[in-house]
Every structure is written in C-alpha cells, then in structure tokens.
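Shown next, in structure tokens, is the structure this report addresses.
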Amino acid sequence: MEKMKCDIIQDLIPSYVDGLCSDATRECVEEHMKSCEECRRMTTLCREKGIADEQTDQRELDGLKKIRRLIQYKGYACCGLVIFNLGFMGISILGNGKGSMLPFPIRVVMLITCICLVLLSGMGFKGKKNSGWPELMAGAGSVLAALYILWLNVYLTEEIQKGAQYVWGRELYRMGPFLTWQIGLGHLALLMCFFFHLSSIIRKDKNCNWLLCLDVVCCYVMSGCHSRLNNMSVPEVFMSDVIRGTAIVAAIGLLGIGASVLIGIICRKKILTMP
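Next comes the structure, spelled out in structure tokens:
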C-alpha cells in the first residue's frame, strides 16, 4: 500500500515542481514527503533537471541570437560594399573621373561582384513579407531612369550623325556637361531607390533583395552609357556598342534577380518547415 502511494506521489511530482497542481494535491505531496526520503530525493532531482533544462534552452536561445546577429552584420557588410561601389561610380560620373571609364570586361566583373554581394546579403534573412506597392514603384522608377538615360544617349548620337548644330536650343558641344549631369542625377535617384529597398528589408522584413539587384543593374546601365559616350570615337558604332553592352548587363541582371527570388523562396520555406 505504501509503495502504491509513493508511485502516485511520484507521478504528481513533475506537476508539483512546475507549480501546475491544485492546492489539495500540493498539500498531499508535501505531507507525504515529510515521511518519505525517496520522494524528497526525486523532488530535488526533478527541480535540478528543470533548472538544467532552462539553462540549456537559454544557451540555445543565446546561440540563435548570436547567429542572427552575424547574419545581419554579414548583410550590412555586403550591402555596404555595394553602396561604396555605386557611390564611387556616381562621384566618378559627376567629376568625369576614370572610375566611370573602366574597360567593359572590368565593369562586367564589378557588376557580377555587386550582384553576388547582394545575393550573399539575402542568404539566411527571413523576408517574411512580399514587396509592397511602394517598393515595386521604386523599382519601376529605377528602370524608367535607366531607359531615359539610354534614350537620351541614343537621341543625341542620332543628332550628331545628322550633323545638327543645336539640340533643344543648346549648341551641340554644350550638351556634354548637360548629359553628364543628367546621368549623375539619375544615378543619385537610383542610389535613393537602393537605400529605400534596403530600409524595407531591414525595418519592415520585406523580401526586396531582387529589387536591390535591379537597382544595381540600372546603375551599371547608366554608367555604361556615360563611359561609352566619353570614349566614343565614331558615332556610327555607338549604337551597336550600346545595344551589346546593355544586353550583357541586362542578362547578368536577370540571372541575379532570378537567383535572388529563388534564394528568398528557399529561405521562407525553411522557416515555415522549422519545428
């Protein structure tokens, strides 16, 4: 009979230690432990195990927080390098520096590097929310700005081929500084779109990495126009250079955007399947 009572009390000990039992059960357990050494020992072990489990859970939680901070710092570092690259490019455009006139193969390598950094910054990031209308409108603005600069370059080149002396009431030789400032302002607008998308990722947990890739590609399209225009020797070949260069940049950009979307889908699926 005493053994049966101990078995019953020992079944109640976990609820007693966790404070989940009723007052009547708690009093019964405490009354029994006054005369039962074995049940007192089991209660002590149960309490120690609970403390150990809490400490283990806390260590695991601290470890997860540390990993999350490392992921965030990695993302900030990658995006910081991209911003530095794009900022240097914009300063080179406005200052007619050599940074915007690098050989095309080097520019392609820099573009691929920037896109890889953007992709790396998105790995491990949750991105639970889809891009909203403000983010999509900013992305559309990036594309329109790049298309405007492309059209402006092509239009001025056609005017040069026609032998025009004036364009929009300006002497043709004065259009160089005007075009440079147009490209510079467009580049600044694209940087603002990049910061806006980055802010949506950090502050609103939105899946906008593919829009960061789009901003980078548009920046390189603009910068490519500036580089080709400054290095143009024969207007007749300018059009073919623009088409070839823009097509290569766009193809690389589409691959980067596709990879970014795929990474976002995989990351969200892993989060949803976590226990």
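For the sequence shown, the working numbering assigns the number 350 to the initial residue and increments by one for each residue that follows. Glycine residues also receive a C-beta, built at the ideal position from the N, C-alpha and C atoms. Remember, predicted model here, so these are calculated numbers, not experimental data.
Closest residue to residue i among the options (Cα-Cα distance)
| i | options | result |
| --- | --- | --- |
| Trp530 | Val591, Ile440 and Ile551 | Ile440 |
| Gln392 | Ser371, Cys377 and Tyr365 | One detail in the question is off: residue 392 reads as Thr in this sequence, not Gln. Answer by Cα proximity: Tyr365. |
| Ser596 | Val457, Pro363, Ser371 and Thr462 | Reading the sequence as shown, one finds Ala at residue 596 and not Ser. The residue with the shortest Cα to Cα distance from Ala596 is Val457. |
| Lys478 | Ile551, Glu376 and Cys385 | Ile551 |
| Leu537 | Ser491, Trp500 and Ala599 | Ser491 |
| Tyr425 | Ile358, Tyr504 and Leu468 | Leu468 |
| Ser576 | Glu386, Ile455 and Arg396 | Ile455 |
Alpha carbon of residue i to alpha carbon of residue j, nearest angstrom
| i | j | result |
| --- | --- | --- |
| Gly368 | Glu484 | 50 Å |
| Cys427 | Leu528 | 31 Å |
| Ile614 | Ser572 | 31 Å |
| Asn502 | Cys574 | 7 Å |
| Met541 | Leu560 | 12 Å |
| Asp590 | Gln510 | 15 Å |
| Ser663 | Lys555 | Because residue 663 is not part of the residues shown, which for the chain are 350 to 624, the question remains open. |
| Ile682 | Thr506 | A question about residue 682 goes unanswered here, because the residues of the chain that appear run from 350 up to 624. |
| Pro363 | Glu380 | 16 Å |
| Leu534 | Ala495 | 11 Å |
| Ile601 | Val516 | 34 Å |
| Phe544 | Gln514 | 40 Å |
| Leu493 | Leu460 | 20 Å |
| Cys355 | Cys388 | 7 Å |
| Cys370 | Arg396 | 15 Å |
| Cys385 | Ala373 | 18 Å |
| Ile592 | Ala489 | 21 Å |
| Ile612 | Leu539 | 24 Å |
| Arg519 | Lys553 | 46 Å |
N-terminal and C-terminal residue of the alpha helix (DSSP H) that residue i is part of
| i | result |
| --- | --- |
| Cys465 | Phe453 to Gly471 |
| Cys632 | Any answer about residue 632 is impossible in this case: the structure gives the chain only from 350 up to 624. |
CB of residue i within 8 Å of CB of residue j, strictly
| i | j | result |
| --- | --- | --- |
| Val565 | Ile432 | no |
| Asn558 | Gly481 | no |
| Ala487 | His546 | yes |
| Cys562 | Gly605 | yes |
| Leu435 | Leu466 | no |
| Phe437 | Gly594 | no |
| Leu361 | Val378 | yes |
| Val570 | Leu499 | yes |
Test: residue i CB closer than 8 Å to a CB of chain D
| i | result |
| --- | --- |
| Glu507 | Here there is only one protein chain, and chain D is not present. |
Quiz item: Along the chain, which unbroken stretches of the alpha helix (DSSP H) at least 4 residues long are found entirely within the segment 505-565?
Solution: 524-553
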